[in-house]
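Asks:
The following block contains the structure:
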């Protein structure tokens, strides 16, 4: 580039810079300056407490527990729980000399003092562990006990049930129909939880000592396998009305709906939390084994917790909240759903609080309702941002 061209380019750059500076100075002294920051914007961060749900409903129904890793025996919390078990894969041509059923304890719940007696009966009809409930079982057992066993509230013992060797031999040679056994407690003050056949580490074991036919001098040993097992339960007295329940076994669910009209339109929800206060008087929980609780969005209008249609693809709270005996309150993140309701992406039909493992055990978490105590009733705490109001 020659020197003349360089001088011309330098002069042009200088003139452009000078013009820009003059324009900036003019803006600063002008009565209507250039609006870069838009000082009329009125956006703000705020919060809102939404109390008094417009809908609070709780209801339950008995479930089958055939998939549970636990079996429950005993009487507590106004329920009586009993167990059915069926065994198979016996050694061929065996004459049983002794049969010991070994049940490994998980924990005991309730008034864990004293002991209780459980009676063992022969079942007389076929049953399906995936369908059986207390109501469907009825009295399909021989009323004469095979044996009895004492249950203690220890959390570390193994329950040993001595079965009649002739009964087991009859199952093996098919002279007695093999429908299994029924174990129940008439009276008690605690539940004994033992591991079921669904447990990978501590399933029940039926230990046999036997000999082959015409070989009485040679005693052999074998373990028969649990082919099916289930616990069934009877509600002795109805649950007290008033609290909002979430439970296992009888699968109580709680339906909640809040009026969101107080939220500013187009507010961005930074965080929203559902607050639930635990009613420990009406709860039945373990000190250590948590009751896992989920919350789902309803996809259509409903006032029946048992019939409500849920967005089952994803829980509102993907990580279940866990309640134990010492839990006093739960806080569930519902921000994404409140945002979708506020923007109109989804219609606000409410939400359903449910147990994540409703057929596993007999835990129950009770929450205060508006009817019981308005200061402890469910409420929403919403933190939001209002967009700038540009005029």
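Residue numbers (the numbering used here): -18 to 372. C-beta: ideal position from N, C-alpha, C; glycine also.
Which class does residue 69 belong to by DSSP, given the choice of helix, strand or coil?
Replies: The answer is strand: DSSP assigns residue 69 an E or B state.
Asks: Quick one: using the 10 Å Cβ neighbour count with 16 as the cut-off for buried, is residue 47 buried or exposed?
Replies: By the neighbour-count rule (16 or more Cβ atoms within 10 Å), residue 47 is buried.
Asks: Cα-Cα, which of 195, 102 and 226 is closest to residue 165?
Replies: Of 195, 102 and 226, the residue nearest in Cα terms is 102.
Asks: Considering residue 37, what are the terminal residues of the beta strand (DSSP E) in which it resides?
Replies: That run of the beta strand (DSSP E) goes 36 to 40.
Asks: What does the alpha-carbon distance come out to for the pair residue 391 and residue 59?
Replies: Given a span of -18 to 372 for the chain in the structure shown, any question on residue 391 remains unanswerable.
Asks: Which word fits residue 110, buried or exposed, when buried means at least 16 other C-beta atoms lie within 10 angstroms of its C-beta?
Replies: Buried.
Asks: Can you have a look at residue -11 and say buried or exposed, based on whether 16 or more other CB atoms are within 10 angstroms of its CB?
Replies: Confidence at residue -11 is low in this model, with a pLDDT of 47, below 50, so its placement is unreliable and no value can be given for it.
Asks: Residue 84 and residue 185 - do their beta-carbons sit closer together than 8 Å?
Replies: Result yes, Cβ atoms of residue 185 and residue 84 sit closer than 8 Å.
Asks: Please determine, among 239, 173, 279 and 320, the residue with the shortest C-alpha to C-alpha distance to residue 37.
Replies: Ranking 239, 173, 279 and 320 by Cα distance to residue 37 puts 239 first.
Asks: What residues in its chain sit with their C-beta under 6 Å from that of residue 67, if we drop five residues either side in the sequence?
Replies: Answer for residue 67: 161, 208 and 209, listed in chain order.
Asks: Using the rule of at least 16 other Cβ atoms within 10 Å of the residue's Cβ for burial, across every protein chain shown, is residue 313 buried or exposed?
Replies: Label assigned to residue 313: buried.
Asks: In chain order, what are the residue ranges of uninterrupted alpha helix (DSSP H) at least 4 long that sit wholly in the segment 42 to 130?
Replies: Complete alpha helix (DSSP H) runs here, min 4: 115 to 118.
Asks: For residue 123, is the beta carbon positioned less than 7 Å from some heavy atom of the ligand GDP?
Replies: Ligands are entirely absent from the displayed structure, and the ligand GDP is therefore not among its contents.
Asks: Given this structure, state the Cα-to-Cα distance separating residue 203 from residue 117, to the nearest angstrom.
Replies: So the alpha carbons of these two residues sit roughly 33 Å apart.
Asks: Please classify residue 350 as buried or exposed, where buried requires at least 16 neighbouring CB atoms within 10 angstroms.
Replies: When all chains shown are included, residue 350 counts as buried.
Asks: Excluding five sequence neighbours on each side, which residues of the same chain lie with their C-beta closer than 6 Å to the C-beta of residue 92?
Replies: Counting only Cβ-Cβ distances below 6 Å, and skipping sequence neighbours, we find 170 and 171.
Asks: Measure from the alpha carbon of residue 148 to the alpha carbon of each residue in 123, 135 and 337, then state which is nearest.
Replies: The shortest C-alpha separation from residue 148 is found at 123.
Asks: Could I get the ranges of all uninterrupted beta strand (DSSP E) runs contained in the segment 125 to 167, with 3 residues as the minimum, in chain order?
Replies: Whole beta strand (DSSP E) segments, 3+ residues: 128 to 132, 139 to 144 and 162 to 166.
Asks: Pull the bridge partners of residue 332 from the DSSP assignment, please.
Replies: Beta-bridge pairing links residue 332 to 237 and 278.
Asks: With DSSP collapsed to three states, give me the class of residue 284.
Replies: In this structure, residue 284 counts as coil in the three-state DSSP scheme.
Asks: Give the straight-line distance between the Cα atoms of residue 7 and residue 24, rounded to the nearest whole angstrom.
Replies: With a pLDDT of 39 at residue 7, under the threshold of 50, the predicted position of this residue should be treated as unreliable, and no value is reported.
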